[in-house]
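Colleague: Provided herewith is a single structure, encoded as C-alpha cells, for subsequent inquiry.
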Amino acid sequence: MIAGAVCVTIFWISWVTIFPSDKTAMSMFVSVEELLDKQISKRTKLGGLVKTGSIQISESNQLNCDFILKEGESELSVRYTKTRPDLFKDGAEVIVSGQLMNGTFYADELQTKCASRYEGDLRNENNYKLTELVQ
Amino acid sequence: MTPLAGSVALNLALGFSIISIVSLSIYTSNNDERINLLGHRSALASSFLVFLSTFILSYQLMISNFDIDYVARYTSFETPTMYKISALWAGQSGSLLFWLFILSIFSVIVILQNQTKHHKLMPWIVISISVVQIFFLVLTNFITNPFKPTDTDFVIQNGNGLNPLLQNLTMAIHPPTLYLGYVGLTVPFAFAFSALVNKDLGSLWIKSIRRWTLISWLFLSIGIILGGWWAYQELGWGGYWAWDPVENASFMPWLTLTAFLHSIIIQEKSGMLRFWNMILIFITFTLTIFGTFLTRSGVMSSVHSFTESSLGPVFLSFVFFLLIVSFALIYIRKDHLKSAKKIESFASREGGFLLNNVIFVVLCFAVFWGTIFPVVSEAVRGTKITVGAPFFNQINTPIGLILLGLTGVGPLLAWRKTSNEKIKNNFFLPTLISGILFFILMALGYDAYVVISFSLCLFVIIAIYMEFYKGAKSRIVRFNESFFVALYKIISKNRSRYGGYIVHVGIVLMFVGFTGNAFDIEKEFGLKKGSSEFVGDYEFLLTDITEEERPNHYAWISHIRLLDSQGNIVEDLYPEKRVYFHENPDINKRQPHSEIDIHSTMNLDIYSIFSAIDANGTAFLKIMINPLVKWVWIGGYVLVLGTMIALWPRKEL
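In C-alpha cells, the structure reads:
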C-alpha cells in the first residue's frame, strides 16, 4: 500500500510538472537580450533595473504605467497596468512576468526586490568616502 | 575596543567547542571522568562566550556605534530602541550570531538538565550539538563576521536605518520565533544521533525529546503563521502565503517534524518504526540547515550568484556532511533498528499513522521539488524555469485534502486492528453527516475541491467530537460526573492525546480558511471624491481624501464608506498611501508604503489598498474580498492552545 501511495504521488508530481493547469504556473526566466534576439512570444520572466527617468504614468489612469527595463546594455519597454509595489521606482531591481507583443512587453506580474533582503549601501547623504573629501 | 572583545569572544568560543569535541571523543574510549567533565565544561564555556559576544553586539546596536559595519547598515540614530535590538536578526551576519545564541542557550539547558540523568548518552549529545555550534562559529568567525569594522574609506555620520517594512512588532518577533523552532530541533537530532552511536535505541531517547520536539514544533508553527499574518497585514497583496522559497524553507521541516511527532507515538507504544523515526529526525534537522542555506546563500536568485558569496558552498557542504554522516551511521546500525513487530493490519491506528507519515513526506517532497526546480532546470537545461504559486497549489491541494481526511479517519481506528463491526459503528455517523453536506454543496454547484474540503472538515470535526464524547461519557457513567467536569478530567488525565485532537481542530479551521481562497474577488479602479464603485455585493463610496504629516512619514488617507447591497453603512475604511523619509532631498531615498485597511468578519475580509493618487485627486484603489480568511488565524490560536495542553507538565506521581 505504501509503495502504491508513493508511486501515485510521484506520478502526480511529474504530471503537474509537465502539464501545469495554469499558464502562470511556470515561466521561463530569460535575459532581455535573449528575449529580443529570439523574439520569444511565450510567457517569460525577466529581471533588471528600472531605467532612471523612464517611468511614465498615464495622466488619465494612474494604474497604466510604462517603463524601460534595463539589463546590462539591453533595454526593453514594459507596460504594466496593475497596482505597483511600493518599492517600484527609478533604479529599482524588478522581476516582471508576461509576454512580448510588437516590441512591448506586457507584464501581468511585477515584483520588486524582497524586503527581507534589504541590504543597504552605506553611501548616502550622511556618509561619504574619504577620497571624495580630498577632491 | 569593545567590538574587538566581541570578535575575540567568538574566536575563543570556537576554540572551546573544539576542545569539547576532542575531549569528549577521548572520554568515550578511555572513560576518564575528568576528561568528560572537561568536555562538558568547555561546551558551557563556549556557550557563555557566545552569550557575551551577542550582548556586545546588541549593546553596540543600542549605542549606535557606526564603526561596526553591521550597526551602520541596519540602524540609524533615529531607529527606535526596540528595533535597534531587533536589528540583531535583521541582517545576515547578525542573524547567524543570533542563531548561535539560541543554540548556546539550548546547549546549556541540555547539559544542566541531563548531565546526571543521561550520563551515558551525554558525551555524544554534546558532541553533536558542538559540531553544529562549530559550523555556525566558523561562519561568524571567518565568513560573515558581525563585528566587521566599517570600511576605513568611509566617514559614517549616520547609519542606514532599518527598512520600514520591518519596523513592525510582528516582524520583530517572527524571526526569533522561527529560529527557536529551527534551533530547538538540534536537540532531538543530538539525542537521536547519540542513541544511535550508543546502540540505545529503545524508547528512552524518544521520551526525553518529546517535549523539546513539541516545543520546537510549536515555535515553528507560530513562526510560520506569524509570517503569513505579517504578509497579509503589511505587504498589501491580499494573501498570506505565496510559496516563496523563504516560506517553503520553514514549511518543509514543519512537515517532516509533524510526521515525526505522529510516528514517535507508535515507537513509544509498540517499539515499531525505529528506523523510520531516525530517518525522519535526521531529514528534519538537515532541512532546517538547508532552509537557512536557501534563504541566506542567494542560490534562489541564480545558480551563478550562489558562488559569489562563500556562504552558499559552506552551507551546502555542511548539509551533505550531515546527510552522509547520519545515513552512514543509520546503515551501520541497521540491524539494531529492526523492530520485532510488524503492523498487523492497515485498518489500524498504526496503519493510519504510517499512511499519514508517507503523505507528510510526499508533501514535503512536492514542496522541495517546486522550490529547487528553478535551480535544477537552470543547471540541467541552461534555462531557468520558475514555478509560481499556481504550481504549488495544483500539486498540494489534493495531497493536503488526503491529509485532512486522515486527520478524521485516524482517531476512528483502533490500535493493532479494527474489527469490521467497529469500522461500521465508528464511521457511520461522520460519513452520514458529511455525506449529506457533500450532496448539498454539490447541488448548489460549488467547485469540486471546495465541496470535498468542506465535507472533510465536517467529517474530521464530528470524528473528534465523538472521541471527546466517548471519553467523557464513560466517566459520566462510571463516576457520575457532570459533562463538563468529565470533559475536563479526560483532557487533564490524557493531555497529549486530547491536546493533539484540539490541534487537529485548529488545522481543520485553517483548512476552512484556505478553502475560502476559492471565492476571492479582486478589482482595481479609480474613484473621484463622491463617486462609488461596486465589488461583489458591496458598494465602495469615496467620501474624502485627507493628508497628514507625521513624525517619520507623510500620509494620504482615503475615506471609503463601505455599503452593503441594501445601502446600509457597514464600516468606514481608511487605507493610506504613505511616504517614509519624505523630507529626504534625494527622491530615491523616499520610500512609499501602502498601509492597508481591512474590514474583517467571520464570513469575509474586505481588504482595501490605496495604490495611487493623481493630480486631479482621483484615488486608485484595489479592493479584495477574501472570504473566511479569519478562520486561518482562529485556527492558529486553537492550534497553539492544543499544543499548550499537550505540553502542560504532568504532576509527578
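First to last, the protein sequences are chains A and B.
Residues 23 to 157, numbered by our numbering, are exactly what the first sequence covers, in order.
Residues 169 to 821, numbered by our numbering, are exactly what the second sequence covers, in order.
For each residue, glycine too, the CB sits at the ideal point set by N, CA and C.
Report yes if the CB atom of B/ALA336 is closer than 8 Å to the CB atom of B/ASN179, and no otherwise.
Modeller: Correcting the residue type first, residue 336 of chain B is Asn in the shown sequence and not Ala. No.
Colleague: Taking 8 Å as the threshold (beta carbon to beta carbon), is A/LYS104 in contact with chain B?
Modeller: yes
Colleague: Short of 8 Å in beta carbon distance, which residues of its chain neighbour A/VAL116, apart from the five on each side in sequence? Order them along the chain.
Modeller: GLY69, GLY70, LEU71, VAL72, LEU91, PHE110, LEU132, GLN133, THR134, LYS135
Colleague: Considering only their Cβ atoms, is the gap separating B/ILE449 from B/SER418 smaller than 8 Å?
Modeller: no
Colleague: Return the chain-ordered list of same chain residues with a C-beta closer than 6 Å to the C-beta of B/THR575, the five sequence neighbours on each side being excluded.
Modeller: VAL628, HIS672
Colleague: Return no unless some Cβ of chain B is closer than 8 Å to the Cβ of A/LEU57.
Modeller: It does not; no Cβ of chain B falls within 8 Å.
Colleague: Could you confirm whether any beta carbon from chain A is found closer than 8 Å to the beta carbon of B/ILE187?
Modeller: no
Colleague: Looking at C-alpha atoms only, which residue of B/GLU707, B/LYS437, B/LEU265, B/ALA427 is the closest neighbour of B/ILE451?
Modeller: B/ALA427
Colleague: If we call anything under 8 Å between Cβ atoms a contact, is A/LEU58 one with A/SER96?
Modeller: A/SER96 is positioned such that its CB atom lies closer than 8 Å to that of A/LEU58.
Colleague: Using a C-beta cutoff of 8 Å, does B/LYS552 count as contacting chain A?
Modeller: yes
Colleague: In this structure, does DSSP put B/MET290 in helix, strand or coil?
Modeller: helix
Colleague: Quick one: give me the first and last residue of the beta strand (DSSP E) that A/LEU68 is part of.
Modeller: Element bounds for A/LEU68: 66–72.
Colleague: Taking contact to mean at least 3 C-beta pairs separated by less than 8 Å, is the stretch 343–361 of chain B in contact with the stretch 260–272 of chain B?
Modeller: yes
Colleague: What are the boundary residues of the beta strand (DSSP E) that B/MET792 is part of?
Modeller: 787–795
Colleague: In chain B, which residues lie with their C-beta within 9 Å of the C-beta of A/SER49?
Modeller: ILE553, THR554, VAL555, GLY556
Colleague: Please list the partners that A/ALA27 has in chain B, where partner means a Cβ-to-Cβ separation under 8 Å.
Modeller: Within chain B, the residues placing a beta-carbon under 8 Å from that of A/ALA27 are LEU523, VAL526, ILE527, VAL530, ordered along the chain.
Colleague: In chain order, which continuous runs of the beta strand (DSSP E) of length 3 or greater are located wholly inside the stretch 686–767 of chain B?
Modeller: 689–695, 700–703, 706–718, 721–731, 737–741, 744–748, 759–763, all fully within the stretch 686–767 of chain B.
Colleague: Nearest-angstrom Cα distance between B/MET610 and B/ILE311?
Modeller: So the two alpha carbons sit approximately 59 Å from each other.
Colleague: Relative to the C-alpha of B/THR460, which residue among B/LEU441, B/GLY735, B/LEU484 is closest?
Modeller: B/LEU484
Colleague: Using a cut-off of 7 Å between C-beta atoms, extract the partners of A/ASP88 located in chain B.
Modeller: Within 7 Å Cβ-Cβ: nothing; A/ASP88 doesn't reach chain B, min ~15 Å.
Colleague: Quick check: the stretch 492–512 of chain B against the stretch 435–442 of chain B, are at least 3 beta-carbon pairs closer than 8 Å?
Modeller: yes
Colleague: Within the continuous alpha helix (DSSP H) that includes B/ILE659, where are the two ends?
Modeller: 651–661
Colleague: Mark B/LYS252 as exposed unless 16 or more other C-beta atoms lie within 10 angstroms of its C-beta, in which case mark it buried.
Modeller: buried
Colleague: Who are the Cβ neighbours of B/VAL797 in its own chain at under 8 Å, not counting the five residues just before and after it?
Modeller: TYR400, TYR408, GLY681, GLY684, SER768, LEU772, ASP773
Colleague: Does any residue of chain A have a CB that is nearer than 8 Å to the CB of B/SER779?
Modeller: yes
Colleague: Go ahead and label B/HIS342 buried or exposed: buried means 16 or more other beta carbons lie within 10 angstroms of its beta carbon, across all protein chains shown.
Modeller: buried
Colleague: Under 8 Å between C-beta atoms, does A/THR31 make it to chain B?
Modeller: yes
Colleague: Compare the C-beta of A/ASP44 against all C-beta atoms of chain B and say whether one is closer than 8 Å.
Modeller: yes
Colleague: To the nearest angstrom, report how far apart B/VAL414 and B/ILE390 are at their CA atoms.
Modeller: 16 Å
Colleague: Terminal residues of the continuous beta strand (DSSP E) containing A/ARG101?
Modeller: A/ARG101 -> beta strand (DSSP E) spans 96–102.
Colleague: What does the Cβ neighbour count give for B/GLY396, buried or exposed, with the cut at 16 atoms within 10 Å?
Modeller: buried
Colleague: Got a sec, what are the start and stop residues for the beta strand (DSSP E) B/THR539 sits in?
Modeller: Where B/THR539 is concerned, there is no enclosing beta strand (DSSP E), although the alpha helix (DSSP H) it sits in stretches over 517–549.
Colleague: Is the stretch 377–390 of chain B in contact with the stretch 300–309 of chain B, if contact means three or more CB pairs nearer than 8 Å?
Modeller: no
Colleague: Let me know the secondary structure DSSP gives A/SER76 once reduced to three states.
Modeller: Reduced to three states, the DSSP call for A/SER76 is coil.
Colleague: Below 7 Å on C-beta distance, what does A/LYS67 contact in chain B?
Modeller: Residues of chain B passing the Cβ test: THR554.
Colleague: So, with DSSP's three-state summary, where would you put B/VAL414?
Modeller: Helix.
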